[in-house]
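Just remember that our numbering sits 1046 ahead of the position in the sequence shown, which is counted from 1.
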Amino acid sequence: MTASQGESDSWERFMILWGSTPEIFIGSCLASVVGIVITWLVTRNASRHCDKKVEATGKPSEEEKRRTELRTEDRTLKESVRVRDSEQEILNRTCSKTLYKFASEKLENSLTDEQMNEEKEIKRRQLEAIYNLMEGQKDLFGIEDLNQLEEQMKLYG
């Protein structure tokens, strides 16, 4: 096979492929390329206009002053939203704790003495199991006895 035959075969394959390609696919590819070029041109021209920050007098233009004001307002609003979000998070935690305490008290009031004793026994066994796990790593947790663990649990529960 000579080089000219290889080129001829390649050309024939290309023409077969071109002939079997749907027109809608070719049209959509061309439309995509045109859209990309137009977008690039528009954004390039827009960025040139935005780069003119200082007028011939050496002072910032009114437009640049306004942009600076808007950026400052935007930063202030974002900070305000962050503060509100953290305040909301604190409120949510407080409400959750209050609801938990209310539900616990309501549940405790509805239990019989036998059920209360059973709950206390389950709680005691759970604390002992936690303490046994922590006992092996006293240097990591700093808990010396079961009473100290119970005091820690009261702080968080």
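We treat Cβ as the ideally placed atom computed from N, Cα and C, and that holds for glycine.
Put residue i into one of helix, strand or coil per three-state DSSP.
i, result
"Leu1137", "helix"
"Glu1190", "coil"
"Leu1157", "coil"
"Gly1065", "helix"
"Gln1183", "coil"
Between the options, which has its C-alpha nearest residue i's C-alpha?
i, options, result
"Leu1192", "Tyr1177, Asp1185, Leu1186, Leu1201", "Tyr1177"
Between the region 1167-1178 and the region 1190-1203, are three or more C-beta pairs nearer than 8 Å? Judged by Cβ distances under 8 Å, the region 1167-1178 makes contact with the region 1190-1203, as three or more pairs qualify.
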